[in-house]
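A.B. asks: According to the UniProt record's numbering, the sequence shown is numbered sequentially starting from 1.
Cβ coordinates follow ideal geometry from the N, Cα and C atoms, glycine included.
Keep in mind it's a predicted model, so treat the numbers as computed, not measured.
Shown below is the structure under consideration.
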Amino acid sequence: MRKVITYGTFDLLHWGHINILKRAKELGDYVIVAISSDEFNELKNKKAYHSFENRKMILESIRYVDEVIAEEKWEQKIDDVIKHDVDVFVMGDDWEGKFDFLKDYCEVVYLPRTVGISTSKIKKDLLKVNNG
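Below, the structure written as structure tokens:
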């Protein structure tokens with residue numbers, strides 16, 4: 001079985017998220033999604049709209065996702081790859097080169113981001129609507 005892992009906050013789920021999950025599934029048989037815990041988001045100075053448990057529940061309902069785990073710290077990626085016997089690490093190409101250190105443990109693939117959508121864009125657009 002070929003295992004794939006990806007990481008993210010996955011807040012305000014949109015078609016860009018679905019695209020990366022679908023493409024991750026095309027690279028393997030089993031997809032693990034590590035989502036940032038609420039505490040880890042605080043360390044990163046990020047605030048998710050949905051709680052960790054709600055984001056986890058949403059992701060678990062997506063057919064491309066086989067398992068959801070928590071990301072508690074930046075440094076856990078090597079341990080996750082080893083612990084879960086991961087073959088492929090997938091991230092959006094806006095992170096190109098940042099995770100090449102994992103090449104000693106698994107294949108690293110940077111996928112093109114979906115043009116025209118991001119959680120940041122949704123939040124910005126919602127602020128425009130609210131501020132009218």
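Which residue spans inside the UniProt domain "Cytidyltransferase-like" (5-124) form an unbroken alpha helix (DSSP H) run of at least 4?
C.D. replies: Listed in chain order, the complete alpha helix (DSSP H) runs (minimum 4 residues) inside the UniProt domain "Cytidyltransferase-like" (5-124) are 15-26, 38-43, 52-60, 77-83.
A.B. asks: Quick one: residues in its chain with C-beta nearer than 8 Å to the C-beta of tyrosine 64, no 5 flanking neighbours on either side, listed in chain order?
C.D. replies: Same-chain partners within the cutoff: Ile18, Leu21, Lys22, Ala24, Lys25, Val31.
A.B. asks: Can you tell me which of Phe52, Tyr105, Glu96 puts its alpha carbon nearest to the alpha carbon of lysine 77?
C.D. replies: The residue with the shortest Cα to Cα distance from lysine 77 is Tyr105.
A.B. asks: So glycine 28 packs on arginine 113, CB below 8 Å; how close in whole Å?
C.D. replies: No, glycine 28 and arginine 113 are not in contact; Cβ-Cβ is about 20 Å, not under 8 Å.
A.B. asks: What separation, rounded to the nearest whole angstrom, lies between the Cα atoms of isoleucine 58 and phenylalanine 101?
C.D. replies: Going from the Cα of isoleucine 58 to the Cα of phenylalanine 101 covers about 30 Å.
A.B. asks: Tell me which same chain residues have a C-beta within less than 7 Å of the C-beta of lysine 47, skipping the five on either side of it?
C.D. replies: Here the set comprises Asn41.
A.B. asks: Among residues of its own chain, excluding the 5 on either side of glutamate 72, which ones have a beta-carbon nearer than 8 Å to its beta-carbon?
C.D. replies: Excluding residues within five positions, the ones whose Cβ falls inside 8 Å are Ser37, Glu39, Phe40.
A.B. asks: Please tell me whether leucine 111 and valine 90 are closer than 9 Å, where the distance is taken between their beta carbons.
C.D. replies: Yes, these two residues count as a Cβ contact at 9 Å.
A.B. asks: What does the Cβ neighbour count give for lysine 3, buried or exposed, with the cut at 16 atoms within 10 Å?
C.D. replies: So lysine 3 ends up on the buried side.
A.B. asks: Within a Cβ cutoff of 7 Å, which residues of the same chain sit near aspartate 94, ignoring the five residues on either side of it in sequence?
C.D. replies: These residues qualify, in order along the chain: Arg113.
A.B. asks: Have a look at aspartate 79 and glutamate 53 and give me their C-alpha separation to the nearest angstrom.
C.D. replies: In a straight line, the C-alpha of aspartate 79 is about 22 Å away from that of glutamate 53.
A.B. asks: Could you check how far apart the C-beta atoms of valine 86 and isoleucine 35 are, in whole angstroms? I think they sit under 8 Å.
C.D. replies: Contact flag wrong, Cβ pair sits at about 16 Å.
A.B. asks: With distances taken from CA atoms, which of Glu75, Trp74, Lys56 is nearest aspartate 66?
C.D. replies: Nearest option by C-alpha distance: Lys56.
A.B. asks: For phenylalanine 99 versus valine 88, is the C-beta distance shorter than 9 Å?
C.D. replies: Contact flag unset, no.
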